[in-house]
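In this note's numbering, the protein residues as written are 608 to 1127.
To keep things clear, I will list the structure first and then write my remarks on it.
Shown next, in the form of structure tokens:
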């Protein structure tokens, strides 16, 4: 069947800006009597409105899922920490039409020199139309993602912490700090490394406690720039967790290790921010001077605790982002890992709620994302070892620095850090199977523009295939000119290649695998 035009989804009549009562959702019942307020009913309640929670809320809303986000903080964070969006996260923002807005607030940097801060150039011809790092203030990315979710119809309540929940065969009853009881089909914990949801769920969080502690902040300095540069260059020969870098507006980004480490602090310990005097003390210990630091904009500390949740799902409760994994910030992967969790989970959880998910689809969330987190934890462990000033670690660092002169080694490490090297295990097939597809040219413009609604996409170069009874979930673009070296690809809503081929029956089998039974 020839399909010369891009086939869109029919317009949705789903209301988004109202409260939902128990009667709105067949099969869900109110919690037992004992509260004087009838609970609201949602399809999904998300604990935490950081980047992961906000992104997940938006992904669910693309499919008409009724979402409530509960955030314990009354206001977004006020300090302006700059975070980096890596290539894969930038691609995901492009897929949902967010990138232009985000670029207005960010600063592009070369996509190289991330691994253990080993300064190597960007590998040639990285397989992406967005081969750069985007530095952006953390409050800005949170505000943009939260605004995106709200515009799509998600409800966000701030100053409303989750303190307890109970799940049964039909849903989850969530209790907030003010005593309100809410009812939803699913609960997702996106509430950080000290996740209340994970703890209440009883999911283990094994790993290693912090052995080192590092102070990070932005502040003004009194020393001349040339003196700072000389001292940083001298100390940086051996101490990779030390720098003072001009940040603009007269401020410097300051990172300095704490002498003596973190003393085995567990998750949640030493959570209070450091003082300016703490910075001065550690700067004097490392550099012999405090550089006259003053007027801090924000101050924080971090350790190298590394932990991974034993499981990402228990019945109707799931974990994503830092609730499921924590690791040192070296390589700048944390925020990116959480946002990518949300992209993987969103369409699958929506499919479960909308009733068309194949039986095991939701299980693939943990099957795909937990191994990715394991690899991130391992590469951050390796990077932290390479930051050590011990002679053995320094010798390994010098050797790896030499090896990274080989383009293949440098490329492998950059693809690992930026998450464009991920390949999910979809079974035997070409190397492209299970990988994300870059943003290629198609006859309607750019591929990622066709993925904005979070649906699957058949990119058909043969012009004789069809998505048939799956057209309510999968779009079809017949385009013999598409920049592909395979006949056709079936893309999941997260942009990963779910099928490659040109046979209709084989395609139907894979449509059933990922998108359930065809509509009648």
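Backbone N, C-alpha and C define an ideal beta-carbon position, used for all residues, glycine too.
Fair warning: this is a prediction, and the values are worked out from it, not measured in the lab.
Look at residue i and residue j and say whether their C-beta atoms are less than 8 Å apart.
i            : j            : result
residue 753  : residue 769  : no
residue 1044 : residue 1104 : yes
residue 904  : residue 830  : no
residue 921  : residue 810  : yes
residue 1058 : residue 702  : yes
residue 1109 : residue 1087 : no
residue 942  : residue 906  : no
residue 933  : residue 735  : no
residue 908  : residue 880  : yes
residue 815  : residue 865  : no
residue 1063 : residue 1122 : yes
residue 994  : residue 838  : no
residue 1107 : residue 999  : no
residue 737  : residue 694  : yes
residue 755  : residue 677  : no
residue 1077 : residue 1118 : yes
residue 1047 : residue 1085 : no
residue 779  : residue 923  : yes
residue 925  : residue 795  : yes
Based on Cα-Cα distance, which residue from the options lies nearest to residue i?
i            : options                  : result
residue 723  : 1061, 707, 1031 and 1011 : 1011
residue 726  : 771, 884, 844 and 713    : 844
residue 1099 : 1108, 950 and 739        : 950
residue 1049 : 1101, 820, 1067 and 1035 : 1067
residue 945  : 959, 972 and 963         : 972
residue 789  : 781, 679 and 795         : 781
residue 828  : 887, 700, 820 and 1076   : 887
residue 661  : 798, 980, 1107 and 732   : 798
residue 929  : 648, 1008 and 659        : 659
residue 823  : 981, 713, 1003 and 862   : 862
residue 688  : 760, 746 and 678         : 746
residue 979  : 1092, 927 and 771        : 927
residue 1040 : 948, 717 and 1097        : 1097
residue 783  : 767, 795, 716 and 775    : 767
residue 672  : 964, 966, 960 and 1005   : 960
Using a 10 Å radius around the Cβ and a threshold of 16 neighbouring Cβ atoms, would you call residue i buried or exposed?
i            : result
residue 707  : exposed
residue 1033 : buried
residue 1124 : exposed
residue 1023 : buried
residue 910  : buried
residue 812  : buried
residue 834  : exposed
residue 1113 : exposed
residue 654  : buried
residue 670  : buried
residue 1029 : buried
residue 1013 : exposed
residue 633  : A caution first: residue 633 carries a pLDDT of 34, below 50, which makes its placement in the model unreliable, though a value can still be read off. Classification for residue 633: exposed.
residue 1051 : exposed
residue 902  : exposed
residue 699  : buried
residue 792  : buried
residue 897  : buried
residue 806  : exposed
residue 875  : The predicted position of residue 875 is uncertain, since its pLDDT is 40 and thus under 50; no value can be drawn from it.
residue 871  : Low confidence applies here, because residue 871 scores a pLDDT of 43, under 50, leaving its location unreliable and the question unanswered by this model.
residue 652  : buried
residue 681  : exposed
residue 786  : exposed
residue 657  : buried
If you follow the alpha helix (DSSP H) that residue i is part of, which residue opens it and which one closes it?
i            : result
residue 1067 : Where residue 1067 is concerned, there is no enclosing alpha helix (DSSP H), although the beta strand (DSSP E) it sits in stretches over 1063-1067.
residue 702  : 694-702
residue 848  : From DSSP, residue 848 is part of no alpha helix (DSSP H); its letter is neither H nor E.
residue 983  : 970-993
residue 1001 : 998-1010
residue 837  : 832-843
residue 660  : 658-668
Compute the beta-carbon to beta-carbon distance between residue i and residue j, rounded to the nearest angstrom, for a pair I have assumed lies under 8 Å.
i            : j            : result
residue 937  : residue 990  : 4 Å
residue 988  : residue 913  : 6 Å
residue 728  : residue 719  : 5 Å
residue 969  : residue 956  : 7 Å
residue 953  : residue 663  : 5 Å
residue 1065 : residue 1072 : 6 Å
residue 683  : residue 712  : Going by Cβ atoms, the distance from residue 683 to residue 712 rounds to 14 Å, so no, they are not a contact pair.
residue 691  : residue 740  : 5 Å
For the beta strand (DSSP E) containing residue i, name the first residue and the last one.
i           : result
residue 909 : 901-910
residue 791 : 788-796
residue 959 : From DSSP, residue 959 is part of no beta strand (DSSP E) but of the alpha helix (DSSP H) over 941-961.
residue 650 : 648-654
Using 8 Å as the limit for Cβ to Cβ distance, is residue i near chain D?
i           : result
residue 996 : This model lacks chain D altogether; it includes just one protein chain.
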